[in-house]
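One structure is given below, encoded as structure tokens.
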Ligand code: HEM
Ligand SMILES: Nc1ncnc2c1ncn2[C@@H]1O[C@H](COP(=O)(O)OP(=O)(O)OP(=O)(O)O)[C@@H](O)[C@H]1O
Ligand SMILES: Nc1ncnc2c1ncn2[C@@H]1O[C@H](COP(=O)(O)OP(=O)(O)OP(=O)(O)O)[C@@H](O)[C@H]1O
Ligand SMILES: [Mg+2]
Ligand SMILES: [Mg+2]
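Residue numbers (this note's numbering), protein chains in the order written: chain A, 5 to 206; chain B, 5 to 206; chain C, 78 to 298; chain D, 78 to 298; chain E, -3 to 236.
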């Protein structure tokens, strides 16, 4: 069981350019940490390093309570700028696959449909959804397959005001169930949490 | 020369569902009109109807000073949720093509590079850009090929605070040059303008 | 015109970047020349007769497989929106895409086919005819295929649909072209087949852009 | 295991959705059986020997052309991120993708090839061997090709590069398989070739997923 | 010893003189080899053309040997993420491609009088051509990926995969009854070739080998220095 995340002295390079260095932060159960910073500062890169896609140039990423490999295979959700939904498949097919792939079941997928009010969208192909609807389908896997650590990259950008507070409520609920959230965003979340600035103070 | 846009009693259907009806609005030179509304309300659909991609079920879209076909071929920029940039081509190749395709030149593309501070990104392939950088490359064609009417669909979502105000300034400048902007957004723009709510008051 | 060239350059870049181009021709050449002797026995006389046929099969299949790329990506990533608001009508866009498709798939295969045929012992006069047939036929494949690709846009089972629509359209050039080459090797009159093939390809070149543009407009809605 | 099946179903759905699948086989069948008699003259004996060669050419080209789809899309639309954070290692993902690719490209052609051969007058025993060779060889093509597709992820001229990388990898199955069929038709011992072909395909099936997974991990960074 | 040299600095120190010493050694061996080749008696079957063998056969051996070296270096670079191994792999590829091209060219020159054709699609010849394509693919891949580290790893994977072709090249003659000569030197039960031909062949082979190692070390050194210089430049650019 994953109980915490500790990053120490992290440095990441992309294309021979050092994006940031000496980034240290900790995240405990029930905590939300928001990453802010200018475009290109390296928020996405940091999230990808935590998810294990990117090998940092220096520093340490420690998962507490579980070794890194298991944590990455079982205990975290990474939801990036791009959602990986396939335009030609229906929302339900995609949600169902994502849920089952991440360790959920068709039932938990249905629960997620309830939680995000996706009922009317299920039979539509992804390419027919509006931007906000599509994002909601992508977010549904966070609920459909419960995993403690959420790595979210600007999850709320295409959502309308009502859905933002709705997803805020889901985030709060996840935190209460002692989940952990590390999220990049340009606008603050409707949930209390700490903020870390990445890159030169912009 | 396009001098205005008038929409009357517009109704749009998608997949046998009527999204909205009786939408009327006018847009004159130097005006910004922001479309707001819930996810799935039909903001994108309205913009696409104006751009001529979608045939409305009822109502009228009139361009003033130019007939509709010419206006759509020469006088408007449509920038949707998806930017149409090709991941494997470099930012400069794409910008250059878009500029020339929309009636600009390599020189005007260079001017756009200046205006949006794209210099350091030009040689990078699109797939290597951060979300905000990529959006800036997409926005550059508005500057690179001057056209009076901008149809923008949430143009600022992935931009950081500084770039938002930067692009706000470009919008203001376009309006001063008697341009017209019709834009969908969930957050208000840093530029004065009217707002129209699409769909049931949410 | 300048705008059309700009567009054409982009389309060529994209089409050649994605799996087409000279390498396809070389691959084809390598496959045919290594495979056929191994499969059909090394007797050069027999091989010479087969090479053109194999070239046709490969050309048709290669055209079929790369069709999906023609509009699908631009449709899904929003690039078609941009192309639809340009100064040139969608018909011109369709024309550019068809030409790019041809140059990335048809031409390399057409260039490779006679070389393969000669390497397998065909006479160099028949090689010229093969080149002509493959180049002209490839044009027909690209444009008829484009219709299928455009019509299938946004359909749930795009690939299958493409094939159902496209296969019958592929039949005439296949038959005309193969007939011409076959007659030539058999010493029969072959100009008629080549003439029909050219007529077919030119007709599709002239008409297909309109069909494609209509289908794309429909899909954009 | 259940998770693997879920994944496999998705991959099959995606692979069959886009241009592959039964249509490829039908197209091939139609082309070969209508074309060859026209191109090579009506002597059935000669034609029979030719079908397997044509099937190999078509199989190799079809495999080559559809490779780009294997990882590229998932890489560009972020789906690989999801696949990389699942309970199964990327090796299993690569395996599923390879199998899906095989079923959408290799199998239909393998099924069509012997039918075409019989239609052209081959004996039904040789048709069986052709089926076996094409099916097994297709597996080798899918997995060796997958390595090329994975290694070239994120490269500037992806498609062309894939072809350059993959061609040499395709050569052994081509040589083994065509040799087996050729020897069979010539009345020579052919089991050896089939054995090598099977060994090669099984070896790639066992090893290629590791290479693909390593390459994908490298590209995700 | 190899592991001792794995440290780039130690490698650079140890190989400072390698270029000169290796160059002299290779020159001596190659000159001796060429002299022996031309004084060897002509073959009773092949006549004077047999002399092509002294260029062709060692080149063909080297084409395979260098690929094995490339595979080995790639393995170390992939598993231990070792920068020096990667530099070595990068340096080896063009050398192997050159030997391979030489083997193809001389074989083809030899084929004309012996078989009456420049080229036949037989298993040995085809598999050597394929090996050549592997070298080309390897270099193309390195050139196409602009992120050095990613390029290194991707290319290393490819090189390891390509290793499978080396045994195929060597055994192709026995597996398919090929036009080409069967192994007569490296075979179980000892060589079956006359001493008067074997001696020049072996001297030439040693010369090729020494030439390869010399060039390999020199190229690896250059590669290490290039990465150092680039790192320095990046540092300067970052500081400015
Ligand atoms: C382009 C054409 C040719 C290619 C690519 C080629 C390739 C090779 C290769 C790869 C080897 C090394 C085999 C091993 O040690 O495993 C070799 C060895 C040899 N080749 Fe060729 N060869 C070609 C043409 C010829 C011709 C025309 C002859 C003369 C008839 C010839 C005679 C030999 C001999 C005598 C050996 C030494 C065999 C041994 O001792 O193992 N080759 N060749
Ligand atoms: N593969 C790559 N090669 C070279 N540079 C890259 C690559 N990927 C990302 N970069 C660069 O790394 C920098 C950081 O990108 P990243 O996506 O982490 O930024 P970000 O903070 O998420 O920005 P945004 O707010 O725009 O999403 C950018 O300047 C980008 O151009
Ligand atoms: N091709 C289609 N077929 C069926 N329904 C469609 C199609 N395209 C869009 N829709 C539906 O039309 C509705 C309006 O979509 P639109 O994209 O216009 O919304 P929007 O206001 O832009 O929302 P958002 O704020 O999420 O971007 C959505 O409910 C969507 O599901
Ligand atoms: Mg980002
Ligand atoms: Mg919208």
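Every residue gets a Cβ at the ideal spot worked out from N, C-alpha and C, and that includes glycine.
The structure presented is a predicted model; accordingly, all values stated were derived computationally and were not measured.
Assignment of beta-bridge partners to residue 201/A by DSSP yields 40/A.
Along the length of the stretch 193 to 223 of chain E, whole beta strand (DSSP E) runs at least 3 residues long do not occur.
Taking non-hydrogen atoms of ligand 1 into account, the C-beta of residue 33/E is found less than 7 Å away from none of them. Judged by pairs of C-beta atoms under 8 Å, the stretch 122 to 134 of chain B does not touch the stretch 54 to 63 of chain B, as fewer than three such pairs exist. For residue 267/C, the closest alpha carbon among the candidates 227/C, 206/C, 216/C is that of 206/C. Here residue 97/A is buried, its C-beta having at least 16 other C-beta atoms within 10 Å. Looking from the CA of residue 121/B, the closest CA among 148/B, 131/B, 109/B, 179/B belongs to 148/B. The criterion of a C-beta distance shorter than 8 Å is not satisfied by residue 46/B and residue 12/B. Short note on residue 85/A: C-beta closer than 7 Å to some heavy atom of ligand 4. Taking C-beta separations shorter than 7 Å and ignoring five residues to either side along the sequence, the partners of residue 137/A in its chain run 125, following chain order.
Closest option to residue 3/E, judged by alpha-carbon separation, among 126/E, 164/E, 84/E, 156/E: 84/E. Closer than 8 Å to the CB of residue 13/A there is not a single CB belonging to chain E. Boundaries cannot be given for residue 85/A, as no alpha helix (DSSP H) includes it and DSSP labels it neither H nor E. The Cβ-Cβ distance between residue 144/D and residue 226/D falls below 8 Å.
Counting the other Cβ atoms within 10 Å of the Cβ of residue 114/E gives fewer than 16, which makes it exposed. Excluding its 5 nearest sequence neighbours in each direction, residue 69/A has C-beta neighbours in its own chain below 8 Å: 5, 6, 7, 8, listed in chain order.
Linking residue 32/A to residue 39/A through their CA atoms gives a straight-line distance of about 15 Å. The alpha-carbon separation between residue 263/D and residue 212/D amounts to approximately 22 Å. Looking from the CA of residue 165/C, the closest CA among 83/C, 150/C, 259/C belongs to 83/C.
Residue 200/E is positioned such that its CB atom lies closer than 8 Å to that of residue 54/E. For residue 25/A, no chain B residue has a C-beta closer than 8 Å to its own C-beta; the minimum C-beta separation is roughly 18 Å.
Straight through space, the alpha carbons of residue 142/B and residue 136/C are spaced by roughly 37 Å. Taking 8 Å as the cut-off, the Cβ atoms of residue 161/E and residue 123/E count as close. Boundaries of the alpha helix (DSSP H) harbouring residue 213/C: 201 to 228, taken from the DSSP string.
Linking residue 86/B to residue 154/C through their CA atoms gives a straight-line distance of about 6 Å. Following the DSSP letters along the chain, one finds residue 75/A in no beta strand (DSSP E), marked with neither H nor E. By the Cβ neighbour-count rule, residue 177/E is exposed, with fewer than 16 other Cβ atoms within 10 Å of its own. Chain C has a Cβ within less than 8 Å of the Cβ of residue 91/A. Contact between residue 107/B and residue 73/B is ruled out by a C-beta separation of about 16 Å, above the 8 Å threshold.
Residue 131/A has a beta carbon lying within less than 8 Å of a beta carbon in chain C. No Cβ of chain E is located within less than 8 Å of the beta carbon of residue 84/A. The Cβ atoms of residue 160/B and residue 36/B do not sit closer than 8 Å to each other. For residue 159/C, the uninterrupted alpha helix (DSSP H) run begins and ends at 156 to 161, by DSSP. Here the distance from the Cβ of residue 227/C to the nearest heavy atom of ligand 1 is not below 7 Å.
Cβ neighbours of residue 63/E within its own chain (closer than 6 Å, five residues either side excluded): 92, 162.
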